[in-house]
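Report on one structure; see the data block that follows.
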Amino acid sequence: MNLTKKKELAAKALKVGKNRVRFDNERLNEIKEAITKEDVKGLVAEGVISIKPVKGRKKIERRKTRRGPGKIKKKVNNRKQVYVKITRKLRAYIIGLRDKRVIESDLYWDLRKKIRMRDFKSLSSMKDYLRGTGVEILGGKVEKVGSGKRKAKRAEKFGKGDNKGKTEEKKDDKVKVDKNEKVEGKDEDKTKDKSKDKKKK
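Residue numbers for the sequence shown follow the numbering used here, beginning at -4 and rising by one.
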């Protein structure tokens, strides 16, 4: 039984594609008698004609799962980044104090534990704590011991000091050459003047 025209009619009435329309094989005679769209809708209500569901995921579900930078509508919490910045800053400072021998090793490790437990919210709060323990803290940055020695060693390794000495020697040589040229020029002028005086006489 050819029901292609009936399938087209059902697709138009239900506003779906032809491939999604399904007929009940036991009640094909009733489908053949359907002429109008209302007849088709009545058969759909009875369950004679059915619509095949769409394969894949729905667009609505896909939109819900999108989590791009423009879709996130909540305040981002950067607690981990703030914690890392503060801990690195505080650890570097106490390492400098330890290398300068301002604090002892016991106090150093105690401070590291406190930093890890987030007892200090900033560098100034840690300085106040150290002043309370009797540690004298001067203003400015604390440099590690031996930093000057390292710089001197690097200068010797790459020959920066030798280059300075060579440049100074070159400058002295240039000054001497300029002075000699000036003296020779003056002697030549004097000899020329004497020769002119003799000719006039």
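Virtual Cβ for every residue (Gly too), placed ideally from N, Cα, C.
### S45 - containing beta strand (DSSP E), residue span
Element bounds for S45: I44 to I46.
### Query
Can you give the Cα-Cα distance for N73 and K80, rounded to whole angstroms?
Just so you know, the alpha carbons of N73 and K80 end up roughly 11 angstroms apart.
### Task
Keeping to the same chain, check which residues put their C-beta closer than 7 angstroms to that of A29; ignore five residues upstream and five downstream.
Closer than 7 angstroms at the Cβ level, and outside the excluded window around A29, lie K1, V35 and L38.
### Message
Taking the straight line between their C-alpha atoms, what separation do you get for V11 and K66?
### Response
V11 and K66 have their C-alpha atoms roughly 32 angstroms apart.
### Message
Residues in the same chain with beta-carbon distance under 8 angstroms from V43, minus the five sequence neighbours each way, listed in chain order, please.
### Response
If the five residues before and after V43 are omitted, its C-beta is found closer than 8 angstroms to the C-beta atoms of F18, D19, R22, E25 and I26, all from its own chain and listed in chain order.
### Message
I'd like to know whether the C-beta atoms of I110 and L85 end up nearer to each other than 8 angstroms.
### Response
The answer is yes: Cβ separation under 8 angstroms.
### Query
Just checking my contact of V130 with I98 at CB under 8 angstroms: how many whole Å lie between their CB atoms?
Correct: roughly 6 angstroms between the Cβ atoms.
### Query
Is it right to say L118 is buried, meaning 16 or more other beta carbons lie within 10 angstroms of its own, or is it exposed?
So L118 counts as exposed.
### Task
On the DSSP bridge assignment, give the partners of V130 in chain order.
None; V130 has no bridge partner.
#### Entry: C-beta contact flag for I132 and K116 at 8 angstroms
No Cβ-Cβ contact shorter than 8 angstroms links I132 with K116.
### Query
Rounded to a whole number of angstroms, what is the C-alpha to C-alpha distance between Q76 and L125?
One C-alpha to the other measures close to 25 angstroms.
### Message
Per DSSP, what are the beta-bridge partners of F18 in this structure?
### Response
In the DSSP output, where bridge partners are listed per residue, F18 has I44.
### Query
At what residues does the alpha helix (DSSP H) containing D105 begin and finish?
DSSP places D105 inside the alpha helix (DSSP H), whose first and last residues are S100 to R111.
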